[in-house]
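Residue numbers (the working numbering), protein chains in the order written: chain D, 583 to 694; chain U, 3 to 116.
Positions of the beta carbon are idealized from the N, C-alpha and C atoms, including for glycine.
Worksheet: the structure to be examined is printed underneath.
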Amino acid sequence: EAAVTQSPRSKVAVTGGKVTLSCHQTNNHDYMYWYRQDTGHGLRLIHYSYVADSTEKGDIPDGYKASRPSQENFSLILELASLSQTAVYFCASSLRGPTEVFFGKGTRLTVV
Amino acid sequence: TQTVSQSDAHVTVFEGDSVELRCNYSYGGSIYLSWYIQHHGHGLQFLLKYYSGNPVVQGVNGFEAEFSKSDSSFHLRKASVHWSDSAVYFCAVSPNSAGNKLTFGIGTRVLVRP
């Protein structure tokens, strides 16, 4: 079964600190994504990647970096966490083209 | 830039009732549409998609959706809901040229009462 695993599942971070959210997929998918979910906004795309060692900016990339060291792994990095980055973050993967996107269970990040 | 509108934030129905969740989009070109379900505390799960062909598409667990180019809509329907259908439903769109970069609506929370 297709699987996207996120870690940690929840995290409390201090304002100004560095946060790294990790994602691992066993789907053999080339495409991976990071979305953020806020109440009233649905999900919004932060960064995505089509191939290892390459990342692209999504719709709301400011304040975030991404890293794709291998096909299976995709990280989201907050160099200087801010209160406004408190949200639930979802990693996802898919094949190329208009196909089903597989989501992880999410990481709840609280910045204090 | 594409946008997605889900006009109903909350819908309450009784078990066995039918339900229709509305989704309208704006985009001038060819588009890929899909619906996802999110149960409380979980990630999103794919329900169905429309890319081309028959405008009525069938999905998992008895869900279907109908694409209308003239109305710029992709409404989701189920003829008889079960309590387990209580969840948040998201409509998503992506221009065909953008692969799977999905733009989501804000979601419709469905509560199925016994």
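Counting along the chain, C93 of chain U sits inside the beta strand (DSSP E) bounded by residues A89 to P97.
In this structure, DSSP gives G624 of chain D an extended state, which the three-state scheme calls strand.
Taking CB atoms only, F76 of chain U has no neighbour in chain D less than 8 Å away. By a beta-carbon distance limit of 8 Å, A94 of chain U contacts L104 of chain U. Their separation comes to about 4 Å.
Per DSSP, N26 of chain U is one residue of the beta strand (DSSP E) stretching across N26 to S28.
In the three-state reduction of the DSSP assignment, V62 of chain U falls in the helix class, which pools H, G and I. Scanning its chain for C-beta atoms nearer than 6 Å, with the 5 sequence neighbours on each side dropped, one finds around N98 of chain U the residues S32 and Y34, in chain order. DSSP places Q4 of chain U outside both helix and strand once states are collapsed to three, so it counts as coil. Under DSSP, T692 of chain D forms a beta bridge with D:V594. Judged by DSSP in its simplified three-state form, S86 of chain U adopts helix.
In the three-state reduction of the DSSP assignment, L49 of chain U falls in the strand class, which pools E and B.
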